[in-house]
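Take a look at the structure set out below.
In the numbering used here, the protein residues as written are 120 to 319.
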């Protein structure tokens with residue numbers, strides 16, 4: 120039997136808030152302070168592990184409630200390594216130069232932590248999408264970095280922002296690239312018995 124329960128989003132990401140709102144979910148943001156360091160070269164495991172840490176850090180505060188906590192993590196994967204958020208504009212420029220005119224893969228992991236009767240059960244999954252960037256001139260790279268959009272984005276670009284003008288093709292879920300695979304998330308929430316209703 121499906122039921123409506125409070126939902127917590129363990130992320131400060133405005134993109135993830137937007138996607139959950141598009142799903143029609145009423146939720147509360149509770150930012151996780153989980154450790155995001157990890158030693159792995161398997162992108163699916165990286166994002167699922169980090170999503171799990173984020174979700175569990177928040178779920179432990181709500182274990183006695185009947186609720187659902189959603190944690191997520193996204194990485195850009197290119198040439199066998201993860202591109203995280205750039206430390207500065209110079210690093211952002213190097214990242215964009217490594218992506219332009221080529222294909223990279225974006226991985227998003229999700230953890231659904233279901234709290235009920237003092238117990239927490241986890242459901243973890245990951246989704247991937249290939250993104251092809253158009254060739255960019257040095258002036259275009261410099262301009263894009265100068266907009267500041269790169270500064271808090273994995274891989275130094277935002278597909279839903281100005282960076283979208285350089286995305287030539289996507290093979291996979293657009294929302295995975297944005298930070299939360301909408302359709303897969305909806306299906307998993309229903310599978311664990313939580314009723315998804317349109318917020319009012």
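Even for Gly, the Cβ is constructed at its ideal location relative to N, Cα and C.
Shown here for residue 237: same chain residues with a beta carbon closer than 7 Å to its own, the five before and five after excluded, namely 182, 183 in chain order. Straight-line measurement puts the Cα of residue 151 at about 7 Å from the Cα of residue 174. With 16 or more neighbouring CB atoms inside 10 Å of its own CB, residue 167 falls in the buried class. Taken in chain order, the complete alpha helix (DSSP H) segments of 4 residues or longer contained in the stretch 225 to 265 are 257 to 265. Three or more beta-carbon pairs separated by less than 8 Å are not found between the stretch 197 to 204 and the stretch 137 to 144, which leaves the two stretches without contact.
Under the three-pair Cβ rule at 8 Å, the stretch 230 to 246 does not count as touching the stretch 262 to 279. Counting along the chain, the unbroken alpha helix (DSSP H) around residue 296 starts and ends at 293 to 297.
The alpha-carbon separation between residue 275 and residue 179 amounts to approximately 32 Å.
Looking at the DSSP output, residue 187 bridges to 126, 233. No residue range can be given for residue 278, since it is assigned to no beta strand (DSSP E) and is classified by DSSP as neither H nor E. Less than 8 Å separates the beta-carbon of residue 303 from that of residue 244.
In its chain, beyond the 5 residues on either side, 197 have a beta carbon closer than 7 Å to the beta carbon of residue 217. Here residue 140 is exposed. Its C-beta has fewer than 16 other C-beta atoms within 10 Å. Annotation: the continuous beta strand (DSSP E) that includes residue 288 extends over 286 to 290.
Annotation: residue 231 to residue 258 spans about 42 Å, alpha carbon to alpha carbon. Within the same chain, and ignoring the five residues on either side of residue 215 in sequence, the residues whose Cβ sits closer than 6 Å to its Cβ are 260, 275.
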